[in-house]
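Right, one structure below, let's go through it.
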Amino acid sequence: MELFNQEINLKERVFEKINLIDGEIWLMTNFMPAEKASFYYNSFLSNINWRQEEIKMYGKTHLVPRKTAWYGYPDFNYKYSGIICNPEPWTKELRDIKKVIEHFLPSENFNSVLLNLYRDGSDKVSWHSDDEPELGENPTIASVSLGAIRRFDLKHKDYPEQKIQIELLPGSLVIMKGALQHNWLHQIPAQKKIHESRINLTFRTIKL
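The numbers in the sequence shown follow our numbering, run straight up by one, and end at 473.
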């Protein structure tokens, strides 16, 4: 596949399944070779149409503590936290990554991707679930990390003692499956000691 060099054996790329109650997390730390991860990070940093969105909370307007972008096929719009996303056309790079993810998940055909740019360790995303109606029941979401290493936290909604933390390496792939979005929250917390930026791609399937 174009994303990977021919000498890399795709059979060496396997998922580690992280056992959770009421949901599934699959992790592939070596999804993307280091040189490819660096190439895509620099490409997206320069060429994606990043936006600084605003949200309203308790009658006040706040800047979202990261930059975002929404790409995909026409008409697959997305709404979260009061933000309405209309898709930009797929870039070749996003299509290439999508194709390789779907090689490992042959039952999936992602029609959109949300990109997040965490400019440094002060940027974050608070506890939430990706459970918007347009994602359907038990959505599969594929998340690729590029750039700085950031921590990914999960906690169960009903059993707060059930927690997990994952260090997301550049070039890693996380798959969220099953009933995870109904039963778990996740976040990227602030980590003030981190001064480098991170880009996250979350491939999704919007149901019309």
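Where a beta carbon is used, it is the ideal one built from N, C-alpha and C, also for glycine.
Nothing here was measured: the structure is a model prediction, and the numbers come from that model.
Which of the three DSSP states, helix, strand or coil, is assigned to Ile362?
As a working note, residue 362 is residue 97 in the sequence shown. Of the three classes helix, strand and coil, the one that applies to Ile362 here is helix, per DSSP.
Does the region 401 to 416 touch the region 447 to 464, meaning 3 or more C-beta pairs lie closer than 8 Å?
A contact is defined here as three or more CB-CB pairs under 8 Å, and the region 447 to 464 meets this definition with respect to the region 401 to 416.
Within 10 angstroms of its Cβ, does Tyr383 collect 16 or more other Cβ (buried), or is it exposed?
Stepping through the sequence shown from its first residue, residue 383 is reached at position 118. So Tyr383 ends up on the buried side.
Could you check where the alpha helix (DSSP H) with Leu310 kicks off and where it finishes?
Here residue 310 is taken as the residue at index 45 of the sequence shown, counted from 1. Leu310 -> alpha helix (DSSP H) spans 299 to 312.
If we ignore side chains and look at the alpha-carbon of each, how far apart do Arg278 and Thr405 end up?
Stepping through the sequence shown from its first residue, residue 278 is reached at position 13. Stepping through the sequence shown from its first residue, residue 405 is reached at position 140. Taking C-alpha positions only, Arg278 is separated from Thr405 by approximately 19 Å.
Pull up the CB-CB distance for Leu380 and Ile313, whole angstroms please, since I reckon it's below 8 Å.
Within the sequence shown, numbered from 1, the residue matching residue 380 stands at position 115. Within the sequence shown, numbered from 1, the residue matching residue 313 stands at position 48. Sure, about 6 Å apart at Cβ, within 8 Å.
Have a look at Ala444 and Tyr336 and give me their C-alpha separation to the nearest angstrom.
As a first step, residue 444 must be located in the sequence shown, where it is residue number 179. As a first step, residue 336 must be located in the sequence shown, where it is residue number 71. If I take the Cα positions, the gap works out to 25 Å.
Measuring CB atoms only, is the region 354 to 365 touching the region 327 to 341, in the sense that at least three cross pairs come out at less than 8 Å?
Judged by Cβ distances under 8 Å, the region 354 to 365 makes contact with the region 327 to 341, as three or more pairs qualify.
Go to Leu419, then tell me how far its beta strand (DSSP E) extends in each direction, as first and last residue.
Your numbering for residue 419 matches position 154 in the sequence shown. 415 to 421 is the span of the beta strand (DSSP E), which, as asked, contains Leu419.
Is the beta carbon of Phe468 less than 8 Å from the beta carbon of Phe375?
As a working mapping, residue 468 is identified with position 203 in the sequence shown. As a working mapping, residue 375 is identified with position 110 in the sequence shown. Annotated as proximal: Phe468 and Phe375, with beta-carbon spacing under 8 Å.
What is the residue span of the alpha helix (DSSP H) that Leu445 lies within?
Here the question's residue 445 lines up with position 180 in the sequence shown. For Leu445, the enclosing alpha helix (DSSP H) begins and ends at 445 to 448.
Should Tyr475 go down as buried or exposed, given a rule of 16 or more other Cβ atoms within 10 Å for buried?
Summary: the structure shown does not reach residue 475, with the chain confined to residues 266 through 473, and so no result is reported for it.
Spatial neighbours of His451 within its chain, please: CB distance less than 6 Å, with the 5 preceding and 5 following residues excluded, ordered by chain position.
Residue 451 sits at position 186 when you count from the first residue of the sequence shown. A distance below 6 Å between beta-carbons, with the five flanking residues on each side excluded, links His451 to the following residues of its chain, in chain order: Leu419.
Hey, how far is the Cα of His327 from the Cα of Asn274?
For this step, residue 327 is matched to residue 62 along the sequence shown. For this step, residue 274 is matched to residue 9 along the sequence shown. About 46 Å.
From Val409 to Ile290, what does the alpha carbon distance come to, in whole angstroms?
One-based indexing of the sequence shown puts residue 409 at position 144. One-based indexing of the sequence shown puts residue 290 at position 25. So the alpha carbons of these two residues sit roughly 13 Å apart.
Limits of the beta strand (DSSP E) - the one that Tyr336 falls within
Stepping through the sequence shown from its first residue, residue 336 is reached at position 71. Run containing Tyr336: 332 to 337, per the beta strand (DSSP E) assignment.
Does the beta-carbon distance from Phe280 to Met293 come in below 8 Å?
Stepping through the sequence shown from its first residue, residue 280 is reached at position 15. Stepping through the sequence shown from its first residue, residue 293 is reached at position 28. A contact, by the Cβ cut-off of 8 Å.
Measuring alpha carbon to alpha carbon, tell me which of Thr333, Pro352, Ile348 ends up nearest Asn557.
Past the boundaries of the shown model lies residue 557; the chain is included only from 266 to 473, so the question cannot be answered.
Assign Pro398 to buried or exposed, taking buried as 16 or more other Cβ atoms, counted over all protein chains shown, within 10 Å of its Cβ.
Reading the sequence shown from its first residue, position 133 is the one you call residue 398. With fewer than 16 other Cβ atoms within 10 Å, it is exposed.
I need the DSSP call for Leu400, collapsed to helix, strand or coil.
Along the sequence shown, one-based indexing puts residue 400 at 135. Correct three-state label for Leu400: helix.
Candidates Arg463, Glu432, Pro454, Ala407: which alpha carbon is nearest Val439's?
Residue numbering aside, residue 439 sits at position 174 when the sequence shown is read from its first letter. Selected option, being the one with the closest Cα: Ala407.
On the DSSP letters alone, give me the boundaries of the beta strand (DSSP E) that Ser377 sits inside.
Position 112 of the sequence shown, counted from the first residue, corresponds to residue 377. Element bounds for Ser377: 377 to 383.
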